[in-house]
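Quick note on numbering: the sequence shown equals residues 254 to 428 in this note's numbering. All C-beta atoms, glycine included, are put in the ideal place defined by N, C-alpha and C.
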Amino acid sequence: MRNQRATGRDMIISLAVILLPAMAIYYFFSRTPAEPEVPVADWKPVVADARTEAPYDILAPSNLPETWKPVRARYGNDELQLGFLSPEKVYFEVKQRVGANQPGFVSTVTREGVEDGTSEVATASGVKRTWKRYLTGDERSHCLVRAVEGKRPSTTIVCGDVPYEGVEAFSSTLA
């Protein structure tokens, strides 16, 4: 049955009762949440400690722009782990371990990666290093692996979710 005394004002009130909660629900579910803040790691003291304690030569980035965020820094059991977030929000990782022949270490870090050639990378000081290229098992990341033999043997792995050129550019900062 129709209410004979209903007015236009009643219709507007009814619409408001229905639309206001609907708009609130729409706003709540359609807004984009703020990007979480990435915690910054203090990596320089970790590298300094590793350089005094490690039985191998430590490689760490030098002259990285301020826009790169260090997000991981750990040294223990003769293994160094450094992680950096580029300005484009791409994660780059450097892992080093004592010993030149480390197939298990390489397999784990490259996620069962397959060898994919070599790269010749020059550092800022002009020193050229030869790296083996690895494509991760999930084909998402590219890694460079360098084994150093001699008195201070080590294996260094640099990975990033970018093409080899990006990983090479990052590894050129290692000193």
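Is DSSP giving residue i helix, strand or coil here?
i	result
D331	coil
K385	strand
S394	coil
S378	coil
From the DSSP output, read off the bridge partner residues of residue i.
i	result
P200	Outside the modelled stretch of the chain, which goes from 254 to 428, sits residue 200, for which no answer is possible.
L338	K322, Y344
A400	T408
S372	W384
R350	E332, T408
In its own chain, which residues sit with a C-beta less than 6 Å from the C-beta of residue i, not counting the 5 before and 5 after it?
i	result
V362	K348, I410
S424	V374, L397, V411
V415	V343
Using a Cβ-Cβ cut-off of 8 Å (strictly less than) and excluding sequence neighbours within five positions of residue i, which residues of its own chain qualify?
i	result
V401	Y309, D310, A353, S407, T408, T409
P292	V324
Within a Cβ cutoff of 7 Å, which residues of the same chain sit near residue i, ignoring the five residues on either side of it in sequence?
i	result
Y417	S372, R386, H395
Assess contact between the region 317 to 337 and the region 375 to 392, defined as three or more Cβ pairs (one per stretch) separated by less than 8 Å. Is contact present? Too few Cβ pairs lie closer than 8 Å, so no.
Mind listing, in chain order, the continuous alpha helix (DSSP H) runs of no fewer than 4 residues lying wholly within the region 254 to 294? If we require 4 residues or more, the alpha helix (DSSP H) runs fully inside the region 254 to 294 come out as 261 to 283.
At a cut of 8 Å, does the region 306 to 318 reach the region 404 to 424 through at least three beta carbon pairs? The region 306 to 318 makes contact with the region 404 to 424; the number of CB pairs closer than 8 Å reaches 3 or more.
Meets three-Cβ-pair contact criterion under 8 Å: the region 296 to 309 and the region 264 to 274: Contact between the region 296 to 309 and the region 264 to 274 is absent, with fewer than three C-beta pairs closer than 8 Å.
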